[in-house]
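>
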Amino acid sequence: MTAVKRTLWLPARGSVPVPSSPLLGDEPDRRKKTILAPFSLSVLPLKTQDLQDLFQRDSLEVPPGTGLILGRSLHWGLRLFRLVGNLIAQESYLPSLIQRDSTWEAIWIPVLSEEGERAMEHLAESLPGVLRSMALGEKPPEIPAMDHTREMISTVLDGLIRLRLSKGPKKALPSLHDVWLDNVQYLSHIYLR
2 MTAVKRTLWL
12 PARGSVPVPS
22 SPLLGDEPDR
32 RKKTILAPFS
42 LSVLPLKTQD
52 LQDLFQRDSL
62 EVPPGTGLIL
72 GRSLHWGLRL
82 FRLVGNLIAQ
92 ESYLPSLIQR
102 DSTWEAIWIP
112 VLSEEGERAM
122 EHLAESLPGV
132 LRSMALGEKP
142 PEIPAMDHTR
152 EMISTVLDGL
162 IRLRLSKGPK
172 KALPSLHDVW
182 LDNVQYLSHI
192 YLR
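Here is the structure:
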């Protein structure tokens, strides 16, 4: 895995981030106004297989004496992963195409029942702020929690289905439809121009 630079927008006082827990450090000077400030850091992007390995268990527990602290974001991710797992088990998804700029991308999309919609709403209501803090540009992210949750569900669902269907050799394909169908089965997305 290769580390990449990302910008996190965190509450800060002056140029010092406010820790989310006293275990992470002392709180900065309370006389300074709390603002949302950008902080650059290196991250290791997780692949779908990494997520599956992490969340395919009943609970997240830290072995005693390791000094690790699991944040709410990991427990929230476990809930999201369970919801996506239920969607896959119920076969509540369809192949689709989405347009991004001038390209078309073959993807799998979730089809949520009323119960699934309620589960997604509960997830959105409890979305940890840290999961909304990463931005690619120079402005803080302004994505509503429900839209962010829906995007995460779609991304994880698409990745897990591709992971499960990626076994086997690729073959020559006679038509554009066959190319599209083949690409919703593999890890890499197809881009049509």
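Everything in the sequence shown is counted per our numbering, starting at 2 for the first residue and increasing by one. Using N, Cα and C, we set each Cβ at its ideal position, and we do this for glycine too.
So leucine 79 and phenylalanine 56 are supposed to be a Cβ contact under 8 Å. How far apart are they, rounded?
Translated into positions along the sequence shown, residue 79 becomes position 78. Translated into positions along the sequence shown, residue 56 becomes position 55. Confirmed, Cβ separation roughly 5 Å.
> I'd like the list of long-range same chain contacts for leucine 24, defined as Cβ closer than 7 Å, with 5 residues on each side in sequence excluded.
Taking the sequence shown and counting its residues from 1, one reaches residue 24 at position 23. Answer for leucine 24: Ile70, listed in chain order.
> Going by the beta-carbon positions, is the gap between glycine 160 and threonine 49 smaller than 8 Å?
For the purposes of this step, residue 160 is identified with residue 159 of the sequence shown, where counting begins at 1. For the purposes of this step, residue 49 is identified with residue 48 of the sequence shown, where counting begins at 1. By the CB criterion at 8 Å, glycine 160 and threonine 49 fall inside the cutoff.
> How many Å lie between valine 19 and aspartate 27 at the Cα?
Along the sequence shown, one-based indexing puts residue 19 at 18. Along the sequence shown, one-based indexing puts residue 27 at 26. Their backbone Cα atoms lie some 8 Å apart in a straight line.
> Check whether the segment 106-119 touches the segment 148-164, counting contact only when three or more Cβ pairs, one atom from each stretch, lie closer than 8 Å.
yes
> Three-state secondary structure (DSSP) at serine 43?
For the purposes of this step, residue 43 is taken as the residue at position 42 of the sequence shown. DSSP places serine 43 in strand when its eight states are reduced to three.
> What residue range does the alpha helix (DSSP H) around valine 157 cover?
Sequence index remark: in the sequence shown, residue 157 carries index 156 (1-based). Unbroken alpha helix (DSSP H) run through valine 157: 146-166.
> Which stretch, first to last residue, makes up the alpha helix (DSSP H) that contains glutamate 122?
Taking the first residue of the sequence shown as 1, we reach residue 122 at position 121. Segment 115-126, the alpha helix (DSSP H) holding glutamate 122.
> Would you decide whether isoleucine 99 is buried or exposed? Buried here means 16 or more other CB atoms lie within 10 Å of its CB.
The residue labelled residue 99 in the question sits at position 98 within the sequence shown. That one is exposed.
> For glycine 15, which residues of its own chain have a beta-carbon under 8 Å away from its beta-carbon, when the five flanking residues on both sides are left out?
On the sequence shown, position 14 is the one that residue 15 refers to. Closer than 8 Å at the Cβ level, and outside the excluded window around glycine 15, lie Pro29, Asp30 and Lys33.
> Could you please give me the residues that DSSP links to lysine 6 through a beta bridge?
Numbered from its first residue, the sequence shown carries residue 6 at position 5. In the DSSP output, where bridge partners are listed per residue, lysine 6 has Ser43.
> Under a three-way DSSP split, which group does arginine 194 fall into?
As a working note, residue 194 is residue 193 in the sequence shown. With a pLDDT of only 39 at arginine 194, under the threshold of 50, the placement of this residue in the model should not be trusted, and no figure is reported.
> Note down, in chain order, each residue of its chain lying with its Cβ closer than 6 Å to the Cβ of glutamate 122, except the 5 sequence neighbours on either side.
The residue labelled residue 122 in the question sits at position 121 within the sequence shown. The answer is none, since no qualifying residue turns up.
> So serine 93 is in the alpha helix (DSSP H); what residue range does that whole segment cover?
Here residue 93 corresponds to residue number 92 of the sequence shown, with the count starting at 1. No alpha helix (DSSP H) holds serine 93; DSSP gives it neither H nor E.
> By how many angstroms is the C-alpha of threonine 35 removed from the C-alpha of serine 167?
Your numbering for residue 167 matches position 166 in the sequence shown. Your numbering for residue 35 matches position 34 in the sequence shown. In a straight line, the C-alpha of serine 167 is about 47 Å away from that of threonine 35.
> Between which two residues does the beta strand (DSSP E) carrying threonine 104 extend?
Residue 104 sits at position 103 when you count from the first residue of the sequence shown. From DSSP, the beta strand (DSSP E) with threonine 104 extends over 104-111.
> Drop a sphere of 10 angstroms on the beta-carbon of arginine 163, count the other beta-carbons inside from all chains shown, and report buried for 16 or more, exposed for fewer.
Start at 1 with the first residue of the sequence shown, and residue 163 comes out as number 162. Per the 10 Å Cβ criterion, buried.
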